[in-house]
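Heads up: the protein sequence lines correspond to chains A and B, in order.
FYI, in my numbering the residues of the first sequence are 1 to 103.
FYI, in my numbering the residues of the second sequence are 104 to 206.
There are 2 protein chains.
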Amino acid sequence: MDSMELLEKKEDIEKATNALKAMAHPLRLKILCALKGDELPVLEIVKYVGSSQSNISQHIDILRTKNIIESRREGNRILCRVKDAKILKLVVNIQAVFCSEYN
Amino acid sequence: MDSMELLEKKEDIEKATNALKAMAHPLRLKILCALKGDELPVLEIVKYVGSSQSNISQHIDILRTKNIIESRREGNRILCRVKDAKILKLVVNIQAVFCSEYN
DNA sequence: AACCTATATAAGGAAATAATTATATTATGA
DNA sequence: TCATAATATAATTATTTCCTTATATAGGTT
Chain A
1 MDSMELLEKK EDIEKATNAL KAMAHPLRLK ILCALKGDEL PVLEIVKYVG SSQSNISQHI
61 DILRTKNIIE SRREGNRILC RVKDAKILKL VVNIQAVFCS EYN
Chain B
104 MDSMELLEKK EDIEKATNAL KAMAHPLRLK ILCALKGDEL PVLEIVKYVG SSQSNISQHI
164 DILRTKNIIE SRREGNRILC RVKDAKILKL VVNIQAVFCS EYN
């Protein structure tokens, strides 16, 4: 299979664009950055990212629905973490590419 | 600067999400894949990607507006290529992450 | 039970995106 | 100059995305 044909499979394209769509929003990208290292409760994410609780909750839900993060309850709180290792790789790569610190 | 703070700068986030938005569409991702190696005329891209001339032209325009590709006229045709080297890196990385061939 | 904290959901409207169809532009060749 | 090929633009409509506000749920504490 030559390089022109890489990522030509419909499935692959769809998986990739799904993930990219999920990441292609400032708040969601920040959420993913926040979760790059640790598992975090929603309220921590809200504080870190900086928007309303409702708004962040909705964005978290989008990420969950797209299978990019997952969460578990711990008493009062919901702890979130990145589910898909592929996404983790991408986040790191995006940072490497776009962070002024790196360039 | 610890890793939590990477990609925290508004500019960086915006650059990154701009690029991600540009890529987060099946046709545009395919266009970028097609252009990964070579400079190509629009009609080649149309054939490779598979949609209407008008539709592809509009997507190419989006990529151009977002400074991701650039183009030059050669006689009858317009040749396009990826302008931003960062994007090239990302495309390659996305392929590595999402291509079934690689996993 | 009453209250508080953390999180989720619903409803609404504004704005952005996407595809289609039709038409315009620019260059080439007869 | 006329016809054709390659590309771009405009207009329209449908769909999706996003944010806000208000309300609901679930767990913990007193």
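All C-beta atoms in this analysis are idealised placements derived from N, C-alpha and C, irrespective of residue type, glycine included.
If you're wondering where the values come from, they're calculated on a predicted model, not measured in any experiment.
- If you check each beta-carbon in the segment 66–83 of chain A against every beta-carbon of chain B, none falls closer than 9 Å.
- The shortest C-alpha to C-alpha distance from A/Lys-89 to any of A/Gly-75, A/Tyr-48, A/Ile-68 is the one to A/Ile-68.
- For A/Leu-35, no alpha helix (DSSP H) run applies, since DSSP gives it neither H nor E.
- At the C-beta level, A/Phe-98 and B/Lys-118 come within 7 Å of one another.
- In the structure shown, the three-state DSSP call for A/Ile-78 is strand.
- In the structure shown, the three-state DSSP call for B/Glu-147 is helix.
- With a threshold of 16 other beta carbon atoms within 10 Å, A/Ala-34 meets it and is buried.
- Residue-level contact by beta carbon fails for A/Ile-62 and chain B, as no gap is shorter than 7 Å.
- Fewer than three Cβ pairs drawn from the segment 150–159 of chain B and the segment 179–191 of chain B lie within less than 8 Å of each other, which leaves the two stretches out of contact.
- Fewer than three beta-carbon pairs drawn from the segment 70–84 of chain A and the segment 178–185 of chain B are found closer than 8 Å, and the two stretches are therefore not classed as touching.
- Proximity of B/Leu-143 to chain A, defined by a Cβ-Cβ separation below 7 Å, is not satisfied.
- Residue pairing of A/Arg-72 in beta bridges, as defined by DSSP: A/Leu-79.
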